[in-house]
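Here is the structure we will look at, set down as structure tokens.
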Amino acid sequence: MATITHEEAHTHTHGPELQHQFETPEQQKEAATLGMWAFLVTEIMLFGGIFMAYIAYRWAFPEAWEEAAAMLNTPLATVNTVVLLVSSLTVALAVNAAEEGKKRRLITMLVLTIVLGLTFLVIKGYEYSEKFAHCAGAKDPISWITGSDLHESHECLVPGRGFHFPDEHGSASGGHGAAKTVTMQSGHQLFFLLYFSATGLHAIHMIIGLGVMTTILVMALRDRFSPTYFTPVEIGGLYWHLIDIIWVFLFPLFYLV
Amino acid sequence: MSTLSLPQTSYIHDRSRTFAEWLKSWLLTVDHKRIAILYLLSINFFFLLGGLAATLVRVELITPQGDLMSSDVYNRAFTLHGIIMVFFFLIPAIPAVLGNFLVPLMIGARDLAFPRLNLLSWYLYMIGGVFALIASVFGGVDTGWTFYTPFSSTYSNSNVVMTITGAFIMGFSSILTGLNFIVTIHKMRAPGLTWFRLPLFIWANYATSIIQILATPVLGIALLLVVVERLWGVGIYDPALGGDPLLFQHLFWFYSHPAVYIMILPAMGVISELISTFSRKRIFGYEFIAFSSLAIAILGFLVWGHHMFVSSQSVYAGLIFSFITMLVAIPSAIKVFNWTATLYKGSISYRTPMLYALGFIGLFVIGGLTGIFLGVTAIDLHVTDTYFVVAHFHYVMVGGTIMAYLGGIHFWWPKMTGRMYNEIWGSIAALIIFVGFNMTFFPQFILGYLGMPRRYHVYPPEFQVLHVMSTAGASILAIGFIVPLIYLGISLWKGAIAGNNPWGATGLEWKTSSPPPTFNFDKTPIVTEEAYAYPPEAAERDAAAWRPGSPL
């Protein structure tokens, strides 16, 4: 099949970051980038399963979807969308800074990205705790923690045994499962289940993304990057953009329907 | 056979002085060949476990009454058999063992693109396996390997969550292997090794990897949602809470049908190598075989509904799925015809790997054709969930994957270990397996056609003859699997030194020493020819030179 001949010896010198299995830094970079893209495809298929479930159930319960979506905190989610979009910008700037070898700007941008990511998680966490607080009978998370100001009309949007969707007449009957015949099979709970699954999975990715960004930040602080070698910044950035894009789909699907 | 001793240095040798160092050099290795050996050992271990569970099932079925175990224990036995064999043997078997060992060698690379990721995928495999084993030790699972809802999500009181976690983790191992292969095949080929000079084993693994990265995450999310439902009592698949159990089946088969091609495609790649080498001929219709792998991979994503003909899916959807299922027969048949055309006027030598390859063709044709029966909705309605289905998928998955796996192990054994196995025992074992296999599973076609449903441990007495025959065949099959373990083990000490290229085969992996050095090639090879470049007269010359007892 082949004849083995002498291959040109390594004439150029390369940095310590070139791993033994690669011939050239370019090859290594292309491989890393392609690997990340392939991984992103996998991630999209992972979320694809949830989107499939979303399509199936939205098709089955259009009214329930409309009513349920109104119960989500759209203003907070809008803020979150802006936060994420800005973080994508800072990541893109970080990649650019790494390419140009500007260490200071790279570090600033990475720190900004991490801060924005944390902001997103905090806001998301507040949104979640709001739902859980309602289940516990409190008006908002703060009164839930302080134990004051218990909610009048019962409402629980966390899927599970205690799920209770307030109907239009107000839930005068009150109590757990009182509206069971109306809501348990009407798809409201499914909406919130998908909401928690999809945004929860997204939040887990966000946490991983923050880990990745922190690692890159540490590497940047230790002067591991140069204009010829900044692959981790680039593929870390790709991953961050994916997180961002998934949110861009989740936001209209759950909040704006 | 030019060398009379093993090479001084190879990937197996190391300079560790203490046992701890030696263990570390294996468990923390990033060498694709060592990782392949780790996979070889662990996958064979799981194969034996799955085989033990199958033994329980077959022994129980000797008599029509349930006298060895209760129906509940029986459920757990066949579930264990299914989960271990599907997730921990068939899916990783050829890509993770042979693929890991051969992909870099065949394309002239020093290693896979991401060696550490490769090691990680072995650890994920082992962690997944440990989860599955713990689940079975503490009572097992009774859902069948398919985890159908709502039984798995609402009613089953066995270790569903634990087992699913195992399958989920193992799925990531599979994804990472696929990802690694894709990048490696794209970016690491030796100079001159264009796409159409690649060995067909590489093409097959490439197609497999695409399925792995596209389909496995969908299984992941489907199983994750089962876990969520079980843990928090929410109703994604529960009709009482508005959910739809069928959604699970759709998501599950969207992975699990392509998963069948994860098992069979690399097997077909192995067969292409074996047929060409042992016929001394260029493979017939190289491009057609290469593209039929991709065609199977793509069509495989569009046929999941044929597992759900009787699950209240729309008749029209069933018709379309049925039609696309028929289409899969085309690329499969292209491969079979091309292999037989390669054999035509070849100088065929019936060495052990070739016996497995020929056995593969026979079994795959039976398995594939019965697959068409099942793809026809009219027949499928009658044989759904009968032993006909069981026989069909065993012919494809076991007859296909295991025959190719064993054939590949024998073929590349000299490359992996540097030593030859015992050819006589090899041939005997191959024949035992072929006979035992047919005796085990052919009666099951008849059983299923007569109406014996799968997954029952008691049955009407008139089925007993066929069941006893099947169990007897399984015993023969078990012997056939144990014999290679013995003579392959012995060959590690006593086997003749193989030399670089004992089969006179083409392919880059045969250019380097056996076993190969850690970085595979002393100098990066430059490829100037197509794969399987046997000269036109090679077969004739080989046949003319044949004498009784000659090596090939």
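For the protein sequence lines, the chains are A and B, in the order given. Each residue of the first sequence is one higher than the last, beginning at 1 in our numbering. Each residue of the second sequence is one higher than the last, beginning at 1001 in our numbering. Backbone N, C-alpha and C define an ideal beta-carbon position, used for all residues, glycine too.
Of the residues assessed, B:D1238 falls on the buried side of the cut-off, its CB having 16 or more other CB atoms within 10 angstroms. Taking 9 Å as the cut-off, the beta carbon of A:P232 is found closer than this to the beta carbon of A:I216.
Buried is the label assigned to B:P1115, since at least 16 other Cβ atoms lie within 10 Å of its Cβ. Rounded to whole angstroms, the gap between the alpha carbons of B:W1339 and B:F1284 is 7 Å. For A:S226, DSSP records a beta bridge to A:Y229. Counting only residues of its own chain and dropping the five nearest sequence neighbours on each side, B:M1069 has a CB closer than 8 Å to the CB of L1056, E1060, A1077 and H1457. Contact of A:L253 with chain B is not assigned, every C-beta pair being separated by 9 Å or more.
Bridge partners of B:I1497 according to DSSP: B:R1419. Where A:F165 is concerned, there is no enclosing alpha helix (DSSP H), because DSSP gives it neither an H nor an E. Counting only residues of its own chain and dropping the five nearest sequence neighbours on each side, B:S1293 has a CB closer than 6 Å to the CB of W1203, A1204, A1207 and L1265.
With its beta carbon at least 9 Å from every one in chain B, A:H205 lies outside the interface.
Under the 9 Å criterion on CB atoms, B:F1278 is classed as non-interfacial with respect to chain A. Less than 9 Å divides the Cβ of B:S1121 from the Cβ of B:L1176. Of the other Cβ atoms in all chains shown, 16 or more fall within 10 Å of the Cβ of B:G1140; this residue is therefore buried.
Relative to A:L221, the option among A:R105, A:L194 and A:L157 whose CA is nearest is A:R105. In the DSSP assignment, B:S1513 falls outside any alpha helix (DSSP H), carrying neither H nor E. At least one CB of chain A lies nearer than 9 Å to the CB of B:R1110. With the rule of 3 Cβ pairs closer than 8 Å, the region 1098-1105 of chain B does not count as touching the region 1152-1164 of chain B. Within the region 1216-1267 of chain B, no complete beta strand (DSSP E) segment of 3 residues or longer occurs.
Between B:M1416 and B:S1005, the alpha-carbon positions lie close to 15 Å from each other. Membership of A:F196 in the alpha helix (DSSP H) is indicated by the continuous run H188 to L221. The distance from the Cβ of B:F1373 to that of B:I1379 is about 5 Å, consistent with a contact at the 8 Å cut-off. Against B:G1233, the close residues of chain A are G160 and R161, in the order they occur along the chain (beta-carbon pairs closer than 7 Å). By the Cβ criterion, the region 1012-1021 of chain B is not in contact with the region 1520-1531 of chain B, since fewer than three pairs of Cβ atoms, one from each stretch, lie closer than 8 Å. With contacts defined as CB atoms closer than 9 Å, B:Y1487 and B:W1412 fail to qualify as a contacting pair.
From the beta-carbon of B:H1186, the residues of chain A found nearer than 7 Å are L34. In the displayed model, B:T1440 falls within a helix according to three-state DSSP.
Under the three-state reduction of DSSP output, B:T1386 falls in the strand class. Against chain B, a Cβ distance below 8 Å from A:A53 picks out L1225, I1236, L1247 and L1251.
If you look at B:S1071, you'll find it in the alpha helix (DSSP H) that goes S1071 to I1083. Contact check for B:H1410 and B:P1353: beta-carbon distance about 5 Å, within the 8 Å limit, so the pair qualifies. Annotated three-state conformation of B:I1526 is strand, per DSSP.
Going by DSSP, A:N96 is part of the alpha helix (DSSP H) stretching over T74 to E100.
If you ignore the 5 residues before and after B:L1241, its C-beta comes within less than 6 Å of the C-beta of G1235, all in its own chain and listed in chain order. Shown here, B:P1353 sits in a helix according to DSSP, grouped into three states. B:M1420 is the residue among B:D1542, B:M1420, B:T1512 and B:I1432 whose C-alpha sits nearest the C-alpha of B:A1496.
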